[in-house]
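Enquirer: In the order they appear, the protein sequences are chains A and B. Just so you know, we're using this note's numbering here: the first sequence kicks off at 6 and counts up by one. Just so you know, we're using this note's numbering here: the second sequence kicks off at 2 and counts up by one. We treat Cβ as the ideally placed atom computed from N, Cα and C, and that holds for glycine.
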Amino acid sequence: EAQVTQNPRYLITVTGKKLTVTCSQNMNHEYMSWYRQDPGLGLRQIYYSMNVEVTDKGDVPEGYKVSRKEKRNFPLILESPSPNQTSLYFCASSGRDNEQFFGPGTRLTVL
Amino acid sequence: EDKVVQSPLSLVVHEGDTVTLNCSYEVTNFRSLLWYKQEKKAPTFLFMLTSSGIEKKSGRLSSILDKKELFSILNITATQTGDSAIYLCAVEAAVTSYGKLTFGQGTILTVHP
Numbered sequence: 006e007a008q009v010t011q012n013p014r015y016l017i018t019v020t021g022k023k024l025t026v027t028c029s030q031n032m033n034h035e036y037m038s039w040y041r042q043d044p045g046l047g048l049r050q051i052y053y054s055m056n057v058e059v060t061d062k063g064d065v066p067e068g069y070k071v072s073r074k075e076k077r078n079f080p081l082i083l084e085s086p087s088p089n090q091t092s093l094y095f096c097a098s099s100g101r102d103n104e105q106f107f108g109p110g111t112r113l114t115v116l
Numbered sequence: 002e003d004k005v006v007q008s009p010l011s012l013v014v015h016e017g018d019t020v021t022l023n024c025s026y027e028v029t030n031f032r033s034l035l036w037y038k039q040e041k042k043a044p045t046f047l048f049m050l051t052s053s054g055i056e057k058k059s060g061r062l063s064s065i066l067d068k069k070e071l072f073s074i075l076n077i078t079a080t081q082t083g084d085s086a087i088y089l090c091a092v093e094a095a096v097t098s099y100g101k102l103t104f105g106q107g108t109i110l111t112v113h114p
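1. At what residue ranges does the stretch 29-69 of chain B contain a whole run of the beta strand (DSSP E), taking only runs of 3 or more?
2. In terms of residue numbering, what span does the beta strand (DSSP E) encompassing A:Val9 cover?
3. Output the distance between the C-alpha atoms of A:Thr91 and A:Asp43, rounded to the nearest integer angstrom.
4. So, with DSSP's three-state summary, where would you put B:Gly83?
5. Name the chain A residues whose beta carbon is nearer than 7 Å to that of B:Gly107?
6. Give me the Cα-Cα distance between B:Ala86 and B:Leu50, rounded to the nearest whole angstrom.
7. So, does the stretch 92-103 of chain A touch the stretch 61-77 of chain B, judging by three or more C-beta pairs under 8 Å?
8. Drop a sphere of 10 angstroms on the beta-carbon of B:Glu93, count the other beta-carbons inside from all chains shown, and report buried for 16 or more, exposed for fewer.
9. Under three-state DSSP, which class holds B:Asn23?
10. Between which residues of its own chain and B:Pro9 is the CB-CB distance below 7 Å, once the five residues before and five after are set aside?
11. To the nearest whole angstrom, what separates the beta carbons of B:Thr82 and B:Glu16, a pair I think is in contact under 8 Å?
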């Protein structure tokens, strides 16, 4: 089944403790992206990647890092999480037709 | 900075009503406009529009793009309770091979029986 998977689905952590949210897709898509969704603000793009080793900043990249060492994986790294990074995070991938497939979401709470 | 504004932010209707959701945008190097439906989980793709004036249709949903006036509408006819969701509009800017997506804040649609 074609899908985008994210782990963990839910995470509660404390300020400053490094964490990684994994994202994997099995559709051989070149384009992958991370978003955060906050009430009243819609989805905001954090980082995107057009292919292996090619990444670029979206609209809200501060406090986040990404890497794209393999085509299928695009982890999101929070080196020192802060409470304002409490949000719902989505990973997405798309092929050349640009229809984005979204993962199930990761709900992160930073205390 | 690219910008997408959706209106209304929230809409409550009764089953059978027709609704029109609006999306206006400002983007450099426009490539496409996309509509998504989000229920209690991840957004799911509805339409992608690239050409002005050509209606995309799927069942009771339809959408059209006006590239001159920089907006799109999403129409839902004969609404059902299952149409209750957040509807998201996104605009893709052409960067290199792929575009950067900017989303609007969404319209929350509630359909009462």
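Expert: With the given structure in hand:
1. 31-39, 45-50, 57-59 and 62-67
2. Locating residue 9 of chain A in the first sequence gives position 4, where the first residue counts as 1. Looking at the DSSP string, the run of the beta strand (DSSP E) that includes A:Val9 is Val9 to Asn12.
3. Counting from one through the first sequence, the residue named residue 91 of chain A turns up at place 86. Counting from one through the first sequence, the residue named residue 43 of chain A turns up at place 38. Taking the straight line from one Cα to the other gives about 9 Å.
4. In the second sequence, residue 83 of chain B corresponds to position 82, counting from 1. The three-state secondary structure of B:Gly83, taken from DSSP, is helix.
5. The residue labelled residue 107 of chain B in the question sits at position 106 within the second sequence. Residues of chain A passing the Cβ test: Gly47.
6. Position 85 of the second sequence holds residue 86 of chain B. Position 49 of the second sequence holds residue 50 of chain B. For B:Ala86 and B:Leu50, the distance between alpha carbons rounds to 21 Å.
7. no
8. Mapped onto the second sequence, residue 93 of chain B falls at position 92. Result: buried.
9. Locating residue 23 of chain B in the second sequence gives position 22, where the first residue counts as 1. Strand at B:Asn23.
10. Along the second sequence, one-based indexing puts residue 9 of chain B at 8. Answer for B:Pro9: Thr108, listed in chain order.
11. Against the second sequence, residue 82 of chain B aligns to sequence position 81. Against the second sequence, residue 16 of chain B aligns to sequence position 15. About 6 Å separates the two Cβ atoms, so the contact holds.
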